[in-house]
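Read left to right, the sequence shown gives residues 9 to 158 (my numbering).
Beta carbons: idealized from backbone N, C-alpha and C, even for Gly.
To start, the structure itself, in structure tokens.
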Amino acid sequence: MIAIGSDHAAFQFKEDIKAYLDAKGIKYQDFGCFSKDRTDYPIYGEKVANAVASGECERGLLFCGTGVGISLAANKVPGIRAVVCTDCYSAALSRRHNDANILALGARVVGIDLAKMIIDTWLNAEFEGGRHADRVAMISAIEAKHCGNS
Ligand code: RB5
9 MIAIGSDHAA
19 FQFKEDIKAY
29 LDAKGIKYQD
39 FGCFSKDRTD
49 YPIYGEKVAN
59 AVASGECERG
69 LLFCGTGVGI
79 SLAANKVPGI
89 RAVVCTDCYS
99 AALSRRHNDA
109 NILALGARVV
119 GIDLAKMIID
129 TWLNAEFEGG
139 RHADRVAMIS
149 AIEAKHCGNS
């Protein structure tokens, strides 16, 4: 199950991506927003991040105007590694090397067809582990230290 969310700036973008995921038979849960009415991206960044961090959803997709604000909010939830991507190479490597668990895209930055390609790439790429796992563990250690969990 993929958690999905956006602010108002990316509402239609999210609807288009949902239709794409439907056509591919990919299951998702939409955490809002649910209209084009102005809202605040941290709300949805946190909701999707909570769903992923708790294990309720395996991974997340977040959209706002740039992908930046909503990924910053998601990254405040312990255990989240949210990345903004504008190209397929970064999307693939964010999974293979960084074990990114949320992909953020900017609806005002990437066209919808490129977004679909980036999402396909990201969803199909797997974490390689090995030396990369050591580095991801180092990121988690930084997080634990600053959250007072170590
Ligand atoms: C909303 O206007 C815009 O600031 C938001 O969608 C996002 O781009 C923030 O990072």
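Contact test: residue i Cβ vs the ligand RB5 heavy atom, cutoff 6 Å
{"i": "residue 52", "result": "no"}
{"i": "residue 73", "result": "yes"}
{"i": "residue 13", "result": "no"}
{"i": "residue 76", "result": "yes"}
{"i": "residue 82", "result": "no"}
{"i": "residue 17", "result": "yes"}
{"i": "residue 49", "result": "yes"}
Start and end residues, beta strand (DSSP E) containing residue i
{"i": "residue 12", "result": "10-14"}
Identity of the residue in the options nearest residue i by Cα
{"i": "residue 127", "options": "147, 142, 102, 144", "result": "102"}
{"i": "residue 36", "options": "48, 65, 44", "result": "65"}
{"i": "residue 104", "options": "89, 70, 72", "result": "89"}
{"i": "residue 5", "options": "60, 85, 51, 111", "result": "In the structure as shown, the chain begins at 9 and stops at 158. Residue 5 is therefore absent and cannot be evaluated."}
{"i": "residue 115", "options": "70, 53, 31", "result": "70"}
{"i": "residue 46", "options": "18, 109, 131, 67", "result": "18"}
{"i": "residue 72", "options": "122, 108, 48, 152", "result": "48"}
Any chain E beta carbon closer than 7 Å to residue i
{"i": "residue 44", "result": "The structure shown contains no chain E, having only a single protein chain."}
Any non-hydrogen atom of the ligand MG within 6 Å of residue i CB
{"i": "residue 128", "result": "Among the ligands modelled here, namely the ligand RB5, the ligand MG does not occur."}
Please specify which runs of the alpha helix (DSSP H), each continuous and at least 4 residues long, are wholly inside the stretch 118-152, giving them in chain order. Segments of the alpha helix (DSSP H) lying fully in the stretch 118-152: 120-132.
Every unbroken alpha helix (DSSP H) inside the stretch 54-122 [4 residues or more]: Qualifying alpha helix (DSSP H) stretches, in chain order: 76-82, 96-104.
Kindly provide the ranges of any beta strand (DSSP E) runs that are 3 or more residues long and lie completely inside the stretch 20-59, ordered along the chain. 36-38
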